[in-house]
Amino acid sequence: MNKVAAEIIAGLIPHKQTRNRWRGILRFGLINALRLKHQIRSNNERPAHYLAVCVIAKNEGPYFKEWLDWHISQGVEKFYVYDNESTDETTEVLKPYIEKGIVDYTFFPGYRRQLAAYDDCFRRHRFHTRWLAFIDMDEFILPLKDSSIPEYLRDLEEFPVVEVNWLCYGSSGQKKKMPGGVMQRFRRHSLPDHPLNRHVKSIVDPRRVYCMTGCHEAARINGKAADSHGQRVRISWKDRSPQHDIIRINHYAVKSLEEFQEKKGRGRASGKARTVEEEYFNRFDLNDLPDSSTPNP
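Take our numbering: the last position of the sequence shown gets the number 291, and nothing is skipped along the way.
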């Protein structure tokens, strides 16, 4: 079923979570859903990895090494990288990770390709990993109570989806791009209860999820999603208070003004807009509190 029809039909459902789930199922297709259930029942393949990450990126070459190394240090074993027509040094930076088998690289051209990349990742890698996280290049998963992300996830294996909140970081007043990593340079973030921090990203069991309904939520085959405290989600993330005490996602949406302007010039892989507006910078340039919990490399 095409996206427009799925939106119309799902829009008739009043409950937000149910509506979003059916939006994904309808977009995935009812016949495809039945086929997938049969495929899952008949597949006994043991996942090669416990935790993998899927990401689509465009001209993020300068940021890839830090982003990969951070998540490797936190227990990610595999990265499914979809390159949305990068023209910078992305392939050169990724080459050693590809050669080591850490990165699976796919050139993925076109406009509005984020969900298509996610769909392709499910199609190709659904049975290859126990958990699959869908995050962006400006997002860093940070476990606070556990030594790694897998250690955190092992207590949540009953759930098909775990939703982790953002903590939004601003520019720290920096106008120019300076040497150093993102996590080192930007050390101020929003107030924890800022509405933007209600946003979540999903870590999913790919055997229990049809697809992503967008960049935040997944359409579950069965079971309930969990919040970061391991409690069943009963209301939409838009209506929940952010949780940052056990695990969170540091979201460096703007970085310095110069880097934001570069981001604006190259557009977005999600396709929501061909350029990122100045209003976006003002909205996300949140520097209310100093960072006291992110390691400073």
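For every residue, glycine included, the Cβ atom is placed at its ideal position computed from N, Cα and C.
Just verifying my parser: in three-state terms, what is the DSSP assignment at residue i?
{"i": "D63", "result": "helix"}
{"i": "M172", "result": "coil"}
{"i": "D130", "result": "coil"}
{"i": "N281", "result": "coil"}
{"i": "K89", "result": "helix"}
{"i": "D98", "result": "strand"}
{"i": "A267", "result": "At A267, the pLDDT of 49 sits below 50, so the modelled position is not reliable and the matter cannot be decided from this model."}
{"i": "D200", "result": "For clarity, residue 200 is Pro in the given sequence; the question names Asp instead. DSSP places P200 in helix when its eight states are reduced to three."}
{"i": "A220", "result": "strand"}
{"i": "A212", "result": "strand"}
{"i": "I135", "result": "strand"}
{"i": "N37", "result": "coil"}
{"i": "R181", "result": "coil"}
{"i": "E252", "result": "helix"}
{"i": "R226", "result": "strand"}
For residue i, count neighbouring Cβ atoms within 10 angstroms of its own Cβ and tell me buried if that reaches 16, exposed if not.
{"i": "S80", "result": "buried"}
{"i": "G305", "result": "No information on residue 305 is available, as it lies outside the stretch -5 to 291 that the chain covers here."}
{"i": "K170", "result": "exposed"}
{"i": "E86", "result": "exposed"}
{"i": "G259", "result": "exposed"}
{"i": "D187", "result": "exposed"}
{"i": "F101", "result": "exposed"}
{"i": "K89", "result": "exposed"}
{"i": "E199", "result": "Note that residue 199 is Asp in the sequence shown, not Glu. Buried, because 16 or more other Cβ atoms sit within 10 Å of the Cβ of D199."}
{"i": "S36", "result": "exposed"}
{"i": "I25", "result": "exposed"}
Could you pull out every residue in the same chain whose Cβ sits closer than 6 Å to the Cβ of residue i, ignoring the five residues on either side in sequence?
{"i": "V156", "result": "L150, I197 and A220"}
{"i": "I243", "result": "E133, I135, V158, W160 and K195"}
{"i": "K72", "result": "H43 and A46"}
{"i": "K218", "result": "R226"}
{"i": "E39", "result": "F121"}
{"i": "T123", "result": "P41, H43 and A46"}
{"i": "N78", "result": "I50, K52, F102, R107 and A263"}
{"i": "S184", "result": "C162, L280 and D282"}
What whole-angstrom Cβ distance do residue i and residue j have, given they're in contact under 8 Å?
{"i": "Y76", "j": "V97", "result": "With a Cβ gap of about 11 Å, Y76 and V97 do not count as contacting."}
{"i": "G104", "j": "T84", "result": "At roughly 16 Å, the Cβ-Cβ gap does not stay under 8 Å, so G104 and T84 are not in contact."}
{"i": "R277", "j": "W231", "result": "Going by Cβ atoms, the distance from R277 to W231 rounds to 18 Å, so no, they are not a contact pair."}
{"i": "W64", "j": "M177", "result": "7 Å"}
{"i": "L283", "j": "R182", "result": "7 Å"}
{"i": "Y146", "j": "I241", "result": "6 Å"}
{"i": "N14", "j": "E211", "result": "5 Å"}
Taking 7 Å as the limit between beta carbons, can you name the residues of its chain near residue i, skipping five residues before and five after?
{"i": "K59", "result": "V87"}
{"i": "A27", "result": "I19 and Y204"}
{"i": "D113", "result": "C205"}
{"i": "V248", "result": "G164, S165, F254, F275, F278 and D279"}
Would you please verify whether the beta carbon of residue i is less than 7 Å from any beta carbon of chain D?
{"i": "N37", "result": "Included in the structure is just one protein chain, with no chain D present."}
For the ligand SAM, is there a heavy atom less than 6 Å away from the beta-carbon of residue i?
{"i": "F128", "result": "Ligands are entirely absent from the displayed structure, and the ligand SAM is therefore not among its contents."}
Tell me, please, which residues DSSP counts as bridged to residue i.
{"i": "D294", "result": "Because the chain here runs from -5 to 291, residue 294 falls outside it and cannot be looked at."}
{"i": "I50", "result": "Y76"}
{"i": "N159", "result": "V194"}
{"i": "W125", "result": "L45"}
{"i": "H245", "result": "E133 and C162"}
{"i": "C115", "result": "Looking at the DSSP assignment, C115 forms no beta bridge with any residue, so it has no partner."}
Which same chain residues end up closer than 8 Å to residue i when comparing Cβ atoms and leaving out the 5 residues on each side of it in sequence?
{"i": "N216", "result": "P154 and R202"}
{"i": "R214", "result": "R15, P154, V155, R202, V203 and Y204"}
{"i": "S142", "result": "Q68 and G69"}
{"i": "T207", "result": "N14, R15, R17, G18, R21 and A213"}
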